[in-house]
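Below: one structure, written as structure tokens.
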Amino acid sequence: MLKVLAYFLLFLALNGQTSLGQVMTGAPAAAPSPQPPFLPPPPPPSLPKEEVDAVNSLLQLLSPYSPLGPAYFSALSCHDIKFSPALTCNCTLEDKTCRVVLIDLSGQDLTGSIPPEIGNLSHLESLFQTYFSKCLSW
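Residues -21 to -1, 1 to 117, numbered by mature numbering (1 follows the signal peptide of the UniProt record, and there is no 0), are exactly what the sequence shown covers, in order.
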């Protein structure tokens, strides 16, 4: 009988219902500590509107048969695997902003000339495409 009582007390203590000391003294069980509320992850950094418009002006030049086309780029597209590795963004959590730093449209069946909106990509470091029909103008 004593063994059964000892196992029961041990069972209660191990399951967190109460402590062995509380069982022995008859003290009430402490209230469970409140769990912190679930916090959703912060939103990913987004791309400024002028950069979204610049990228979309380039994407409009794509043939519907290109690997990316037809496509639409949004403020959160920097995080979309569809555009990787054709578009690379540098995203920082400090200012919650992304910037397009690389565009590689080689092999994307691009026709026409580079639209003037490309000048709004102030952080663009690399632009790859060997078949533009006109020269770059900034």
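Glycine included, every Cβ here is placed at the ideal spot set by N, Cα and C.
The structure presented is a predicted model; accordingly, all values stated were derived computationally and were not measured.
DSSP places ASN35 in the uninterrupted alpha helix (DSSP H) bounded by 28 to 38.
In its chain, beyond the 5 residues on either side, LEU38, LEU41, LYS61 and PHE62 have a beta carbon closer than 8 Å to the beta carbon of ALA50. At the C-beta level, ILE93 and ALA65 stay beyond 8 Å of one another. In the structure shown, the three-state DSSP call for ILE93 is coil. Counting every other CB atom within 10 Å of its CB across the protein chains shown gives PRO24 a total of 16 or more, marking it as buried. The residue among VAL(-18), CYS57, SER36 and LEU84 with its C-alpha nearest the C-alpha of LYS75 is CYS57.
Checking the DSSP bridge columns, you'll see SER105 partnered with LEU81.
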